[in-house]
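What follows is a single structure, written as structure tokens, with notes after it.
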Amino acid sequence: MNEEKLKLVLAYDGSPASRRATELIAGYRGAPGVLEVAVVNVQTRPPALWPGAGLDPAALDAALAQAGKSELAPALERLAQAGIAAHGEVRFGLPAQALLDDARALGAQAIVMGTRGRGAVHGFAFGSAAMRVAHGGVAPALIVGPECALPRALGERLRVLCAVDGSEPALRAVERLLAWRAWLGELEVQLAHVQAPLTLLEKMLPPHEDALAQWRGDEGARATQAARAMLEGAGVAHELHLLSGEPAGELLRLARSAQCELLVLGTRGRGAAHHALVGSVALKAAASSPVPSLLVA
1 MNEEKLKLVL
11 AYDGSPASRR
21 ATELIAGYRG
31 APGVLEVAVV
41 NVQTRPPALW
51 PGAGLDPAAL
61 DAALAQAGKS
71 ELAPALERLA
81 QAGIAAHGEV
91 RFGLPAQALL
101 DDARALGAQA
111 IVMGTRGRGA
121 VHGFAFGSAA
131 MRVAHGGVAP
141 ALIVGPECAL
151 PRALGERLRV
161 LCAVDGSEPA
171 LRAVERLLAW
181 RAWLGELEVQ
191 LAHVQAPLTL
201 LEKMLPPHED
211 ALAQWRGDEG
221 ARATQAARAM
231 LEGAGVAHEL
241 HLLSGEPAGE
251 LLRLARSAQC
261 ELLVLGTRGR
271 GAAHHALVGS
281 VALKAAASSP
291 VPSLLVA
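In our numbering, the protein residues as written are 1 to 297.
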């Protein structure tokens, strides 16, 4: 039976985080020949410092292209050693847009990038670039830190922590996991819902229905109902965790204690009042995660 290809765009600039992202792909243990990787290095042309600087644009582009090819060489060699089909691309411009353009052209299922690059000139400083990639709507962003613990058997089995808040992006994240089972391997999913703790005033006042519902976990049960139904319908083993506190910190603590290998986050949730994983919260969790993070818009 022919396996469907998993097409990836890997952002590479030679930084420790991009090398770690390369190792994530090189360690894939699924069916041979399934992965198809475009390794992309983005070079930014320097701004003209003064008129008539005497720079030859063609010569400058040639030099930048050669620098990009040199930076790509270790990643391509490592993937070749692992038997992963890969080719290199040097692009000019803004990193996020270049990655989105390549992902769109390739029909990529994910964009893999490190959390800390070498800065704007060489590529992939984490923060706005990662969030722009995740919000670009082309493909989810798979974020890897320089010291991330990598999955032990990616492609065979995977232990996942998926944050859910009842929002559409959170449900799309669950859908993405289920759609990728053939590539990721057998899934074991930890579902987590984080809500704000009761305030001191709420604790002191006579009980009211909102506070009682929160204390009973009703909010968490409602917010996770659709995700749980999807996993149950697909026959995927899962466990529900109802947490209270600061979302990013609670998720990272659970990721460590449950020995999860991938953190999955929706990038747009219900807003600060519900402690949803919007923007900066998803970014904060991904930037500090002990394991790779998948950001789904």
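Using N, Cα and C, we set each Cβ at its ideal position, and we do this for glycine too.
Where does L177 land, buried or exposed, given buried means 16+ other C-beta within 10 angstroms? Buried, by the Cβ-count rule.
Around the Cβ of G233, are there at least 16 other Cβ atoms within 10 angstroms (buried) or fewer (exposed)? Under the 10 Å beta carbon count, G233 is surrounded by fewer than 16 other beta carbons and is classified as exposed.
With a threshold of 6 Å on Cβ separation, who are the neighbours of G155 within its own chain once the five nearest residues in sequence on each side are excluded? Only Y28, R29, G30, G185 meet the Cβ criterion.
Ends of the alpha helix (DSSP H) at G266? Not the alpha helix (DSSP H): G266 falls in the beta strand (DSSP E), residues 262-266.
Measuring alpha carbon to alpha carbon, tell me which residue in A58, Q43, V194 is nearest L243. In this structure, V194 is the residue among A58, Q43, V194 with its C-alpha nearest to the C-alpha of L243.
In this structure, how does DSSP classify N2 when only helix, strand and coil are distinguished? Any reading at N2 must be qualified, since the residue scores a pLDDT of 47, below 50, and its modelled position is unreliable; the value itself is stated next. It is coil, neither helix nor strand.
How is the alpha helix (DSSP H) around K257 delimited, first residue to last? With the sequence shown as reference, residue 257 is identified as Ser, and Lys is not the correct amino acid for it. Looking at the DSSP string, the run of the alpha helix (DSSP H) that includes S257 is 247-257.
List, from N- to C-terminal side, the beta strand (DSSP E) runs of 3 residues or more that fit wholly inside the region 126-199. With a minimum length of 3 residues, the continuous beta strand (DSSP E) runs that stay inside the region 126-199 are 141-144, 157-163, 186-195.
I'd like the list of long-range same chain contacts for A258, defined as Cβ closer than 6 Å, with 5 residues on each side in sequence excluded. Answer for A258: Q190, listed in chain order.
Roughly how many whole angstroms lie between the Cα atoms of L263 and A286? Taking the CA atoms as reference points, L263 sits about 8 Å from A286.
Among S70, P292, A26, which residue has its Cα nearest to the Cα of Q81? Checked all of S70, P292, A26; the closest Cα to Q81 is A26.
Alpha carbons only, please: which of V90, R157, G114, S167 is nearest the one belonging to G145? Measuring from the Cα of G145, the nearest candidate turns out to be G114.
Between the CA atoms of A182 and A298 - distance to the nearest angstrom: Since the first and last residues shown for the chain are 1 and 297, residue 298 lies out of range.
Would you give the residue range spanned by the alpha helix (DSSP H) that S289 belongs to? No alpha helix (DSSP H) holds S289; DSSP gives it neither H nor E.
Mark L251 as exposed unless 16 or more other C-beta atoms lie within 10 angstroms of its C-beta, in which case mark it buried. When all chains shown are included, L251 counts as buried.
Give me the residue from L295, Q97, K5, T224 with the minimum Cα distance to D165. Checking every option, the nearest Cα to that of D165 belongs to T224.
For the candidate residues P57, A227, Q97, G68, whose alpha-carbon lies nearest to that of G88? From the listed residues P57, A227, Q97, G68, the smallest Cα separation to G88 is found for G68.
Chain-order list of residues whose beta-carbon lies under 8 Å from that of L76 (same chain, five-residue window excluded): Correct list, in chain order: V39, A86, H87, G88.
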